[in-house]
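S.K.:
In our numbering, the protein residues as written are 10 to 223.
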């Protein structure tokens, strides 16, 4: 069964807590929080104070995706604010192994994200230390982008590597352009965590939208 993680990047920021609570009632499994710094990606979104402010609205897992430079500077703050999982970008970490272990030292599962053009080799040597690989299926920075079909081969290759190494416990997450049409494609390729923004928060019937993604 797929884990559906609606991205609050597409939610109504003026009523963010209520939007998160509605997503939970609609059947969401996780809440995906896209943190952007205006440097690693060309957009600004949420900081730890926002995570702390919306934490009381749900008990769902806060799947916190740091699209920021030098993420190690902010991992303690996001952990303290209520993040349940933290994913960092391989491209943003000079010392990826150290950053992954910093996340784990704060008691949280660690994930590593890869941009569409980043090879799987970038995460190969930390697979034993993480429990999630996020394959970006668009270039990060903005919601509502079109799915990049070539990423399906990357998902398939990652799935095969994990099977070969006996690491089936590692989640394969996808983020970008996920909707009722692309969800079956990424699921068939091996993804089990689906991040969706507009496909959930852009619909009036969020329960039906989430059901369609499953």
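We put the beta carbon where it would ideally sit given N, CA and C, even for glycine.
With burial defined as no fewer than 16 other Cβ atoms inside 10 Å of the residue's Cβ, what is the status of residue 163: buried or exposed?
M.R.: If you number the chain shown from 1, residue 163 lands on position 154. So residue 163 ends up on the buried side.
S.K.: Please state the DSSP three-state secondary structure of residue 119.
M.R.: Residue 119 sits at position 110 when you count from the first residue of the chain shown. DSSP places residue 119 in strand when its eight states are reduced to three.
S.K.: Would you say residue 207 and residue 11 are within 8 angstroms of each other, going by their C-beta atoms?
M.R.: As a first step, residue 207 is located in the chain shown; it is residue number 198 there, counting from the start. As a first step, residue 11 is located in the chain shown; it is residue number 2 there, counting from the start. No. Outside cutoff.
S.K.: By DSSP, does residue 151 sit in helix, in strand, or in coil?
M.R.: Working through the chain shown from its first residue, we reach residue 151 at position 142. Coil, per DSSP.
S.K.: Which value, in whole angstroms, describes the spacing of the CA atoms of residue 72 and residue 98?
M.R.: In the chain shown, residue 72 corresponds to position 63, counting from 1. In the chain shown, residue 98 corresponds to position 89, counting from 1. Near 14 angstroms, if we compare the C-alpha coordinates of residue 98 and residue 72.
S.K.: Just the C-alpha distance for residue 62 and residue 55, rounded to the nearest angstrom, thanks.
M.R.: Indexing the chain shown from 1 puts residue 62 at position 53. Indexing the chain shown from 1 puts residue 55 at position 46. Rounded to whole angstroms, residue 62 to residue 55 spans 11 angstroms at the Cα level.
S.K.: Measure the alpha-carbon distance for residue 30 versus residue 192 and round it to whole angstroms.
M.R.: Counting from one through the chain shown, the residue named residue 30 turns up at place 21. Counting from one through the chain shown, the residue named residue 192 turns up at place 183. Roughly 23 angstroms separates the two Cα atoms.
S.K.: For residue 45, which residues does DSSP report across the bridge?
M.R.: One-based indexing of the chain shown puts residue 45 at position 36. BP columns for residue 45 point to 76.
S.K.: What residue range is occupied by the uninterrupted beta strand (DSSP E) comprising residue 15?
M.R.: Numbered from its first residue, the chain shown carries residue 15 at position 6. Its beta strand (DSSP E) spans residues 12 to 15.
S.K.: Taking residue 138 and residue 180 to be in contact with their CB atoms under 8 angstroms, please state how far apart those CB atoms are, rounded to whole angstroms.
M.R.: In the chain shown, residue 138 corresponds to position 129, counting from 1. In the chain shown, residue 180 corresponds to position 171, counting from 1. At roughly 14 angstroms, the Cβ-Cβ gap does not stay under 8 angstroms, so residue 138 and residue 180 are not in contact.
S.K.: Going by DSSP, what residues sit across from residue 142 in a beta bridge?
M.R.: Indexing the chain shown from 1 puts residue 142 at position 133. Paired residues: 121 and 181.
S.K.: Please confirm whether residue 209 and residue 183 have their CB atoms less than 8 angstroms apart.
M.R.: Against the chain shown, residue 209 aligns to sequence position 200. Against the chain shown, residue 183 aligns to sequence position 174. Taking 8 angstroms as the Cβ cut-off, residue 209 and residue 183 do not qualify as a contacting pair.
S.K.: Would you list the one or two residues that DSSP bridges to residue 172?
M.R.: Here residue 172 is taken as the residue at index 163 of the chain shown, counted from 1. Answer is none; residue 172 lacks a bridge partner.
S.K.: Residues in the same chain with beta-carbon distance under 8 angstroms from residue 101, minus the five sequence neighbours each way, listed in chain order, please.
M.R.: Your numbering for residue 101 matches position 92 in the chain shown. In the same chain as residue 101, and ignoring 5 residues on each side of it, the C-beta atoms closer than 8 angstroms to its own belong to 49, 75, 76, 77, 78, 79 and 80, in chain order.
S.K.: So who's on the other strand from residue 71, going by DSSP bridges?
M.R.: Here residue 71 corresponds to residue number 62 of the chain shown, with the count starting at 1. According to DSSP, which records beta bridges pairwise, residue 71 is partnered with 40.
S.K.: Starting from the Cα of residue 32, find the closest Cα among 69, 195, 59 and 223 and give me that residue.
M.R.: Residue mapping note: residue 32 aligns to position 23 of the chain shown, counting from 1. It is 69 whose Cα lies nearest to the Cα of residue 32.
S.K.: Confirm, please, whether the CB-CB distance from residue 176 to residue 144 is below 8 angstroms.
M.R.: Within the chain shown, the letter at position 135 stands for residue 144. Within the chain shown, the letter at position 167 stands for residue 176. Going by C-beta atoms, residue 144 is not nearer than 8 angstroms to residue 176.
S.K.: Under 7 angstroms Cβ to Cβ from residue 201, same chain only, skipping five residues before and after it: list those, please.
M.R.: By one-based count along the chain shown, residue 201 stands at place 192. For residue 201, where only same-chain residues beyond five positions count, the Cβ hits under 7 angstroms are 11, 12, 180 and 181.
S.K.: With a threshold of 8 angstroms, are at least 3 pairs of Cβ atoms found where one atom belongs to the segment 105 to 112 and the other to the segment 148 to 164?
M.R.: no
S.K.: With a Cβ-Cβ cutoff of 8 angstroms, do residue 96 and residue 120 count as a contact?
M.R.: Within the chain shown, the letter at position 87 stands for residue 96. Within the chain shown, the letter at position 111 stands for residue 120. The answer is yes: Cβ separation under 8 angstroms.
S.K.: Identify every residue that forms a DSSP beta bridge with residue 97.
M.R.: For the purposes of this step, residue 97 is taken as residue 88 along the chain shown, with counting starting at 1. Residue 97 pairs with 75 and 121.
S.K.: Roughly how many angstroms lie between the CA atoms of residue 130 and residue 37, to the nearest whole one?
M.R.: By 1-based counting over the chain shown, the position of residue 130 is 121. By 1-based counting over the chain shown, the position of residue 37 is 28. Each residue's alpha carbon lies about 32 angstroms from the other.
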